[in-house]
Structures are given as C-alpha cells and as structure tokens.
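J.: Dumping the structure here so I can ask a few things about it.
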Amino acid sequence: MNTEIRSVVVEREIAHPPEKLWRALTQPHLIAAWLMRNDFAPVVGHRFTLSGDWGSVECDVIAVEPGKTLTYTWNHPHADPAFDLRSVVSFTLTPTGSGTLLRMEQTGFRPEQKQAFGGARHGWEQNFTNLERVLAELKQEGERK
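Structure below.
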C-alpha cells in the first residue's frame, strides 16, 4: 500500500518587497481579498477559520517570523477519508533583486486524496494570481488599504 504523503509547492517571484507581501499574508482584510474570509492573527497558537463558498478550513498558527516565514495547519474535517485533509501550509519569503520569491508548501496529502491534491495544486496557483492582483491594487491606491 502506498503511504506516501505528498506536498503541493508553488513558487513565484513577485515584484513587491517582503514587507508588503507579509501584510497581504497576515492582515485579515487583505487575506480575504486574495484567499478566503478569516479571523487570522499572526500569533503562534492562534486558532482561526478560513471560509469560502465551498466550506471552511480549521487552522492553528504554528510559526511566525515576520517578513520571512508563516506556517499554519490547514485542516478540512470530512466524513469521507478522501476529503478529510490534515495538512500544514508554510509560506517562505526570500528577498530578490526585483522583489520577493514567495514559496508556499502545503504538505499532508495522503495517497487517496488525489482530488484534494489536484484541487490544492490548481487552487494555490489561482490564489497567487489573486495575491498579485491585491498587491497591485495596494500600489495603485497608494498603500491606503
């Protein structure tokens, strides 16, 4: 039996400084604009919920290193084992010459969770595109958000 746990990794260079990306990753109104509605706080041990039209995800903040790394659990309890996801999402921000390399890794997908794995792979690419749009809007609005 295959017991290999899989991860989704998305990396993208974003033409904004780490501090600005950090704001978009940690401020609830900005998270809502690119990911989901939430009650997030960048505090280790904080429990929060991400809510979308399809349902919600239960999360606990595991690690916070301002401007550098953010890690939290991403659990979607479900009666069907194929959708009962217990995972961890980690964001790593690395400054580059033209902005920031943003790396997201979501680990914890079991072999029978092919649909959840595929959905996450597609979903995170879309989330990163949304994030870039939110950052561009912040720039146009002169950082008022």
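Position 75 of the sequence shown, counted from 1, bears residue number 72 in the numbering used here, the numbering being contiguous throughout. Every residue, glycine too, gets a C-beta built ideally from N, C-alpha and C.
Hey, would you say A117 sits closer than 8 angstroms to A79, going by beta carbons?
T.: Here residue 117 refers to the residue found at position 120 when the sequence shown is read from its first residue. Here residue 79 refers to the residue found at position 82 when the sequence shown is read from its first residue. Taking 8 angstroms as the Cβ cut-off, A117 and A79 do not qualify as a contacting pair.
J.: So the beta strand (DSSP E) Q103 belongs to, where does it begin and stop?
T.: Numbered from its first residue, the sequence shown carries residue 103 at position 106. That run of the beta strand (DSSP E) goes G96 to F106.
J.: Under a Cβ-count criterion, where at least 16 other Cβ atoms within 10 Å of its own Cβ denotes burial, should R130 be classed as buried or exposed?
T.: Position 133 of the sequence shown, counting from 1, holds the residue named residue 130. Label assigned to R130: exposed.
J.: Below 8 angstroms CB to CB, which residues in the same chain sit around T66 once its five sequence neighbours on both sides are set aside?
T.: Working through the sequence shown from its first residue, we reach residue 66 at position 69. These residues qualify, in order along the chain: A60, S87, F88, T89 and L90.
J.: Within a Cβ cutoff of 6 angstroms, which residues of the same chain sit near V6, ignoring the five residues on either side of it in sequence?
T.: In the sequence shown, the residue the question calls residue 6 occupies position 9. Answer for V6: E102, listed in chain order.
J.: I'd like the list of long-range same chain contacts for W121, defined as Cβ closer than 8 angstroms, with 5 residues on each side in sequence excluded.
T.: Against the sequence shown, residue 121 aligns to sequence position 124. If we look at W121 and ignore the five residues flanking it on each side, its Cβ neighbours are V5, V7, M101 and Q103.
J.: Measure the alpha-carbon distance for K111 versus W71 and round it to whole angstroms.
T.: Locating residue 111 in the sequence shown gives position 114, where the first residue counts as 1. Locating residue 71 in the sequence shown gives position 74, where the first residue counts as 1. The alpha-carbon atoms of K111 and W71 are separated by roughly 17 angstroms.
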